[in-house]
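A.B. asks: Residue numbers (my numbering), protein chains in the order written: chain A, 1 to 357; chain B, 1 to 281. I have a structure I would like to understand better, so I am pasting it below and will then ask my questions one at a time.
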Amino acid sequence: MDINPYRGLPSSQYWRSGVTDVGLGQFDPVESVKFRIEAQDNISTLGSCFAQHLARHIQKSGYNYFIAEPPTTSEGDNPVIALMATQFSARYGNAYTVRQALQLLDRAFNGWTPKESVWERDGRFFDAFRPNVYAGGFASLDELESTRSAHLTAVRRVFTESDVVVFTLGLTEAWTSTVDNAVYPVAPGVVAGSVDAERHEFKNFSYPEVYSDLVAWCVRLRELNPAVKILLTVSPVPLNATYEPQNVWTSTTYSKAVLRAVAGDVARSLTYVDYFPSYEIIMSPQIQGRYFEDDLREVKEVGVRHVMRVFSRHYLKQDGRRAKNGNSSPKSTQEHEKQLTDVANVFCDEDLLDQNE
Amino acid sequence: MADSIELLVPGTTVQRKFVSNNPSKLGAELRKCSKSKFDRVMIHDSVQNIISANSELEGILPQETIVIPTVAFAAFQPDIQYVFADGEVVKNGLKSDWNSRILVWSYANKLTKAEARKLFREDVYEALGYFDEWSVSEETLSQSFTRYDFDFRRWMRAVQRSGVFMYGINHPVGISLTSLATQIVEREFSPKAKQVEDIHLLVTDYLSRIMWPVYPEIADELGIDGSLRWRVGRKYAHLDEFIDLCYQSWNAVGLDESNAQLIPLLSERDNVELLRLSGRG
């Protein structure tokens, strides 16, 4: 007898039942999770800008979002500072590439100080590893250094005191130092400083490099914090610009394909690492790009909420929201059906609709 | 639907007839649709339901009458409620026939407009089962398609791509009608039928004159953008204004619990839930 290995699989494994025929907003690609997040767990985030949405949601949901670098007394109630201080668990700004995140560990725990760490613009000083975090930079080098020192202390707390770290992988393209391979979040000259072919070079990380970096990052984090669990996601936000001589969408698909494949492979190989498919939700063919703003890049709030609904359902232990497939209805199916049939049998409004024929 | 069929079957003229849901009037209206006057007669299953429930209406229409599903789908606008008083439909504040179940209940229970406004929120929708309408609507409509030998899944795939495919609980958007029309002509007029690309953009969308919003919390669940803005013709109203207009309108007609007939009925459990959630229980 012939045996078809694809017969009898769960419905989500077939395209038609897993994607095509799924109701609007009901797409949920999570089948199982490696861990659940407890209410008392310290949850921290880092990565690309999409991770900021996760941070915001976790804070709103009443879970214990770990902020190791809150606004200080001297910073007062400045809303800009407050926003900047809570976008990630420490004020590292966007860590777009895995190598950048790995070097953050080096800088925080191994005392590594890259040669070019400060950029200047109009007499102000910028931390080259987070030039966007303090808009306008610092008035003096001393101020920059003391702030950075406090920041790296906070980074150490993030990685040693978190129960769960959510890392959103954003890009493979970066600008690096030719002197010591330090990776910058933005190209020199964009926010401050100036690009110099002698000192800087463009780098597009390959699959083997990203894989190796991510495994190293996870292993080292686990060494620092043996109980930590890591949740990987891939940002669906496309590149704003590419330095590769090709269309930015071609670069985006390369970048996301590498990151997605690496995240899946690392989660498959390390027991304490899980992959959450937020990328798949936003990019789902069923959604047809509706979750992107008019610029086709920024993710709309409705898309973020879909992602977070699925995230909460599967990872937050005390998710108060409705269960998957909406089977918590207070009404019976028969009651709903009867109501719908009653309405279908009402003939109204046709006179109004006909007025302007 | 008629426009679509005329486009898809060149040379065909489709006459539209509005019929009553009052069985005593319906008989005479159906007799005007005899085989001698028309090549084909097509009715919605909602009309067929009335015929089936009234034996005196059986046999009036030609045997080969085509029955098509009535497209009713509540998942986008589950709050829509019909209200009748003394046999007449009670209009909402914008003078259309759909009313808000939450608002009608609030009015009947003498809630102030501000109190009524506060009931437009997620836990109220959840208590009323508004978040669970998708699968039920899908199942109910699927049964109707199957009963009359149409392909529900094919229809659903076509319309779901457009996002919100209903203007209200029983008013489909253009593509919902043209997709059904396509199936009708393929089956009933196949030798003459032709394909018309983007037909939903060509036919006049009469139903677009009345739009019920998809409330933001419900829209969220469906992965679409929501709003609290109503449209009837050239009149528009945001929730606060809509409440105001509805209360004015119902005051004017003297709507009260004793003369109001609701379709669908408000269950006792819904009533208890609304009392609790409004702080009246």
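Glycine included, C-beta positions come from ideal geometry on N, C-alpha and C. Bear in mind the structure is a predicted one, so any value in this text is a computation, not a measurement.
(1) Does DSSP classify E229 (chain B) as helix, strand or coil?
(2) Taking Cβ to Cβ, would you say G174 (chain B) is nearer than 7 Å to W98 (chain B)?
(3) Rounded to the nearest angstrom, what separates P70 (chain A) and G226 (chain B) at their Cα positions?
(4) Could you tell me whether the Cβ atoms of C246 (chain B) and L128 (chain B) are closer together than 7 Å?
(5) I believe W283 (chain B) touches A219 (chain B) by the beta-carbon criterion, under 8 Å. Please report the beta-carbon distance rounded to the nearest angstrom.
(6) Since H314 (chain A) meets chain B, which of its residues come closer than 8 Å, beta carbon to beta carbon?
(7) Please report whether the beta-carbon of G326 (chain A) lies at a distance below 7 Å from any beta-carbon of chain B.
(8) When you compare the CB positions of L46 (chain A) and A95 (chain A), do they come within less than 7 Å of one another, or not?
(9) At what residues does the beta strand (DSSP E) containing Q81 (chain B) begin and finish?
(10) Shortest alpha-carbon distance to G59 (chain B) belongs to which of B:C33, B:Q183 and B:L202?
(11) Nearest CA to the CA of S269 (chain A): which residue from A:T72, A:S278, A:R313 and A:A216?
(12) For E122 (chain B) and chain A, any beta-carbon pair shorter than 7 Å?
(13) Would you say R305 (chain A) lies against chain B (beta-carbon separation less than 7 Å)?
(14) Using 8 Å as the Cβ pair cut-off and three pairs as the minimum, do the region 190-204 of chain A and the region 259-275 of chain A touch?
(15) Are three or more beta carbon pairs between the region 226-236 of chain A and the region 146-153 of chain A nearer than 8 Å?
(16) How would you call F18 (chain B), buried or exposed, if buried means at least 16 neighbouring beta carbons within 10 angstroms?
(17) According to a CB-to-CB cut-off of less than 8 Å, which residues of the region 9-23 of chain A neighbour chain B?
(18) When DSSP builds the beta bridges, which residues end up paired with K229 (chain A)?
(19) Answer with buried or exposed for Q160 (chain B), where buried requires no fewer than 16 other C-beta atoms within 10 angstroms of its C-beta.
(20) Please work out which residues of its chain come closer than 6 Å, Cβ to Cβ, to H57 (chain A), disregarding the five sequence neighbours upstream and downstream, and give them in chain order.
(21) Quick check on A133 (chain A) - is its C-beta less than 7 Å from some C-beta in chain B?
(22) Counting contacts by CB-CB distance shorter than 7 Å, is G123 (chain A) in contact with chain B?
(23) Checking the sheet assignment: what are the DSSP bridge partners for G289 (chain A)?
(24) Which runs of the alpha helix (DSSP H) fall wholly inside the region 210-274 of chain A and span at least 4 residues, in chain order?
(25) Between G93 (chain B) and chain A, is the shortest Cβ-Cβ distance under 7 Å, so that the two count as touching?
(26) Could you check what DSSP says for M156 (chain B) in three-state terms: helix, strand or coil?
(27) Quick one, are the C-beta atoms of V183 (chain A) and Q100 (chain A) less than 7 Å apart?
(28) Below 8 Å on the Cβ atoms is my contact criterion, and I expect S162 (chain B) with P69 (chain B) to pass it. Report the Cβ-Cβ distance as a whole number of Å.
(29) At least one CB of chain B closer than 7 Å to the CB of G25 (chain A): is that the case?
(30) Starting from L7 (chain B), trace the alpha helix (DSSP H) in both directions and tell me its first and last residue.
(31) What's the gap between the Cα of V67 (chain B) and the Cα of I281 (chain A)?
(32) Any beta-carbon of chain C closer than 7 Å to the one on G11 (chain B)?
(33) In terms of alpha-carbon separation, which member of B:V47, B:L141, B:A85 and B:I50 lies closest to S258 (chain B)?
(34) Please work out which residues of its chain come closer than 8 Å, Cβ to Cβ, to N271 (chain B), disregarding the five sequence neighbours upstream and downstream, and give them in chain order.
(35) Taking C-beta to C-beta, are G137 (chain A) and F129 (chain A) nearer than 7 Å?
(36) Check whether the Cβ of V302 (chain A) lies closer than 7 Å to any Cβ atom in chain B.
C.D. replies: Taking the structure as given:
(1) One detail in the question is off: residue 229 (chain B) reads as Arg in this sequence, not Glu. DSSP, reduced to helix, strand and coil, places R229 (chain B) within a strand of the structure shown.
(2) G174 (chain B) is not a Cβ neighbour of W98 (chain B), given a cutoff of 7 Å.
(3) The alpha-carbon atoms of P70 (chain A) and G226 (chain B) are separated by roughly 35 Å.
(4) In this structure, L128 (chain B) does not lie closer than 7 Å to C246 (chain B) by Cβ.
(5) Residue numbering for chain B in the displayed model covers 1 to 281; residue 283 (chain B) lies beyond these limits and cannot be assessed.
(6) Result: empty, since nearest Cβ-Cβ is about 16 Å, beyond 8 Å.
(7) Low confidence applies to G326 (chain A): its pLDDT is 41, below 50, so where it sits in the model is not reliable, and the reading given next is rough at best. Judged by the 7 Å Cβ criterion, G326 (chain A) is in contact with chain B.
(8) With respect to the 7 Å criterion, L46 (chain A) and A95 (chain A) are classified as neighbours on the basis of their beta carbons.
(9) Under the DSSP assignment, Q81 (chain B) falls in the beta strand (DSSP E) whose first and last residues are I80 to A85.
(10) Of all alpha-carbon atoms in B:C33, B:Q183 and B:L202, the one lying nearest the alpha-carbon of G59 (chain B) is that of B:C33.
(11) Each of A:T72, A:S278, A:R313 and A:A216 was checked against the Cα of S269 (chain A), and the nearest Cα belongs to A:A216.
(12) By this cut-off, E122 (chain B) is not an interface position.
(13) R305 (chain A) counts as touching chain B.
(14) The region 190-204 of chain A, when compared against the region 259-275 of chain A, does not touch it at the 8 Å Cβ threshold.
(15) No, the region 226-236 of chain A is not in contact with the region 146-153 of chain A.
(16) Exposed, by the Cβ-count rule.
(17) The region 9-23 of chain A vs chain B, Cβ under 8 Å: T20, D21 and G23.
(18) Its beta-bridge partners are A:V164.
(19) Result: buried.
(20) So the list reads M308, once near-sequence residues are dropped.
(21) Reading the sequence as shown, one finds Val at residue 133 (chain A) and not Ala. The beta carbon of V133 (chain A) sits no closer than 7 Å to any beta carbon of chain B.
(22) Not one beta carbon of chain B lies nearer than 7 Å to the beta carbon of G123 (chain A).
(23) Bridge pairing for G289 (chain A): absent [DSSP].
(24) You should have 248-269.
(25) Interface flag for G93 (chain B) against chain A is unset, since no Cβ pair is found closer than 7 Å.
(26) Here M156 (chain B) sits in helix by DSSP.
(27) Contact annotation: V183 (chain A) and Q100 (chain A) have beta-carbon atoms nearer than 7 Å.
(28) Rounded, the Cβ-Cβ distance is 18 Å, inconsistent with contact.
(29) For G25 (chain A), the nearest CB of chain B lies under 7 Å from its own CB, placing it at the interface with that chain.
(30) A2 to L8 is the span of the alpha helix (DSSP H), which, as asked, contains L7 (chain B).
(31) Approximately 39 Å, taken between the alpha carbons.
(32) The displayed structure is made up of protein chains A and B, and chain C is not among them.
(33) Closest in alpha carbon position to S258 (chain B), among B:V47, B:L141, B:A85 and B:I50, is B:A85.
(34) Apart from sequence neighbours up to five positions away, the residues of its chain that approach N271 (chain B) with a beta-carbon distance below 8 Å are W105, ordered along the chain.
(35) Taking a C-beta distance under 7 Å as the contact criterion, G137 (chain A) and F129 (chain A) do not qualify as a contact pair.
(36) At least one chain B Cβ lies under 7 Å of V302 (chain A).
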